[in-house]
Amino acid sequence: MNNKNQNRNRNRKLSQNPRGKFQGNQRNQGNQRFQRNQGNQRNQRNSRNQGNQGNQRFIKRKKENLGFQGKKRKSGGFKGGSTVIIEPHRHDGVYIARGKEDSLATRNMNVGESVYGEKRISVQQTEQEKIEYRLWNPFRSKLAAAILGGVDNIWIKPGCKLLYLGAASGTTVSHCSDIVGPDGIVYAVEFSKRSGRDLITVANKRKNIIPIIEDARHPLKYRMICSMVDVIFADIAQPDQARIVIHNAEQYLKNGGHFIISIKANCIDSTISPEAVFAGEIDKLKEANLKPKEQVTLEPYERDHAVVIGTYRPIRKKN
C-alpha cells in the first residue's frame with residue numbers, strides 16, 4: 000500500500016509540475032522574442048533597401064534631366080545609333096552636343112584619351128581627319144556650371160594665357176586646355192602633393208599645361224615659371240581667397256585683363272547668409288582695383304556657390 004501511495008503522489012506531482020510549466024512558458028516567450036527581432040531586422044533591411052533605391056532613382060533622374068547619365072560606358076561616347084549634332088557655343092572654344100540630352104563639350108586636344116572618365120564624341124571631318132569632343136560635366140566643373148548659369152563672357156578663348164589657381168587633379172584644367180588650344184597656355188597652380196601628381200599626369204599628355212606645385216598665397220615662388228597672363232581663374236575655397244586672387248593679379252595679370260573667382264560661402268563664413276558673404280568678397284575685390292562685372296550662382300550644380308567675373312585695372316578708352 001505504501002508503494003502504491005508513493006507512486007500515486009509522484010505521478011500527481013509530475014502532472015502538476017509548476018516549475019516545468021514555467022520553463023516551457025519561458026521557452027515559448029524566448030522563441031516569440033527571437034521571431035519578433037528577426038521580423039524587425041527584416042523590416043529594417045527592406046526599408047533601407049527601399050530608401051537606397053529611392054535615392055538612386057532620384058539622383059539618376061536628376062542627372063538625366065540635366066543631360067548626364069550616371070553610368071560610364073566603355074566606348075566613352077553617346078548611346079550607339081543615336082544622332083549627335085555638334086554646334087559652336089557663343090563662348091569661343093566651347094560647343095554644344097545636341098542629341099537625346101544636350102551637353103556642353105570641348106574639342107579634345109588629346110584624341111582617344113579621357114581625363115576623368117567623361118564621354119567622348121567622334122566626328123569624321125574628312126577621310127583622314129577625325130575630330131573628337133569631350134563632354135563637360137557641370138557637376139564636376141564650376142566653370143561649366145557658370146556657363147550653363149548664363150554668364151555673359153568667360154574671357155577664356157583660343158590663344159589666351161590663363162593662370163588657374165586651385166587646379167586640383169586637372170578636371171577643369173583639361174577643358175581649359177582644350178579651349179585655349181595649342182596657341183594658348185594654362186599655368187595650373189596646385190598646393191596639394193597628392194592632387195599635384197594627378198595634375199602632372201594630365202600635363203604630360205597636354206603640351207599647353209604647365210603644372211606648378213606651389214602655394215598660391217606666395218605668387219613670387221613661381222615668378223620664374225609664370226609670365227603675364229590674360230585671365231586668372233581661382234577655385235581655391237579658402238577664407239582668404241580674395242586676398243590670394245589680388246596678390247596673383249598684382250603680380251601676373253596684365254592691365255585690362257580679366258579674373259574669374261569661384262566663391263564658396265561656407266568656407267569664408269558659415270554664420271551669415273551666402274549673399275552677405277558674396278557682397279563682402281566683392282567689396283574686397285573693388286578695393287584692390289578689380290572691378291566685378293557680373294555674378295552668377297551655381298545652383299543646382301553647387302550649393303552656396305557664386306562665380307564673380309570682372310576686369311583688372313580697366314583701360315580707359317580715349318575719346
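Going by numbering that gives the first Met the number 0, the sequence shown wraps up at 318, each residue one higher than the last. Glycine residues also receive a C-beta, built at the ideal position from the N, C-alpha and C atoms. No experiment lies behind these values; they were computed from the predicted model shown.
Residue range of the unbroken beta strand (DSSP E) whose run includes residue i
i	result
Asp229	Val228 to Ala233
Leu161	Lys160 to Leu164
Lys129	Lys129 to Trp135
Ile153	Careful: Ile153 lies outside any beta strand (DSSP E) and carries neither H nor E.
Tyr186	Ile184 to Val188
Ile208	Ile208 to Ile211
Residue i, buried or exposed, once every other Cβ within 10 Å from all chains shown has been counted against 16
i	result
Asp214	exposed
His88	exposed
Asn265	exposed
Asp182	exposed
Ala305	buried
Ile84	exposed
Phe21	For Phe21, the pLDDT reaches just 47, beneath the cut-off of 50, and the residue's location in the model is therefore unreliable, leaving the point undetermined.
Asp282	exposed
Thr82	exposed
Glu280	buried
Thr296	buried
Lys285	exposed
Thr125	exposed
Gln320	Past the boundaries of the shown model lies residue 320; the chain is included only from 0 to 318, so the question cannot be answered.
Ala202	buried
Glu298	exposed
Lys323	This structure does not reach residue 323, given that the chain is present from 0 up to 318, and the question cannot be answered.
Lys99	exposed
Lys118	buried
Residue i versus residue j - alpha carbon distance
i	j	result
Tyr186	Val244	14 Å
Phe138	Glu301	7 Å
Arg205	Asn109	7 Å
Gly116	Gly158	26 Å
Gly256	Pro313	8 Å
Ile224	Gly92	26 Å
Ile120	His174	15 Å
Thr200	Asn207	13 Å
Gly309	Arg315	15 Å
Gly165	His246	15 Å
His90	Arg97	16 Å
Lys156	Val179	5 Å
Val172	Tyr251	18 Å
Val114	Leu103	16 Å
Trp135	Val230	20 Å
Lys220	Val188	11 Å
Ala322	Glu112	Within the shown structure, residues of the chain are numbered from 0 to 318, placing residue 322 beyond reach of any answer.
Trp362	Lys292	Residue 362 cannot be examined here, being either before or after the span of the chain that is shown, 0 to 318.
Val122	Ala167	30 Å
Lys160	Asn288	21 Å
Tyr311	Tyr163	16 Å
Arg133	Arg35	55 Å
Thr105	Thr170	12 Å
DSSP three-state assignment for residue i, whether helix, strand or coil
i	result
Asn254	strand
Ile120	strand
Lys78	Only weak support is given to the placement of Lys78: the predicted model assigns it a pLDDT of 46, under 50, and the question is left unresolved by the model.
Lys285	helix
His217	coil
Thr270	coil
Gln240	helix
Thr171	helix
Ile262	strand
Gly309	strand
Glu280	helix
Glu100	coil
Glu86	strand
Val179	helix
Ile245	helix
Ile35	It should be noted that the sequence gives Arg, not Ile, for residue 35. Helix, per DSSP.
Continuous alpha helix (DSSP H) stretch holding residue i: start and end
i	result
Arg193	Lys192 to Asn203
Leu297	Here Leu297 belongs to no alpha helix (DSSP H), and DSSP marks it neither H nor E.
Ile146	Lys141 to Leu147
Minimum Cβ-Cβ distance from residue i to chain C less than 8 Å
i	result
Tyr94	This model lacks chain C altogether, as it is built from one protein chain only.
Kindly confirm or deny that the segment 180 to 198 and the segment 269 to 279 touch, where touching means at least three C-beta pairs closer than 8 Å.
-> no
Counting Cβ pairs, one atom from each stretch, are 3 or more of them under 8 Å apart for the segment 216 to 226 and the segment 131 to 150?
-> no
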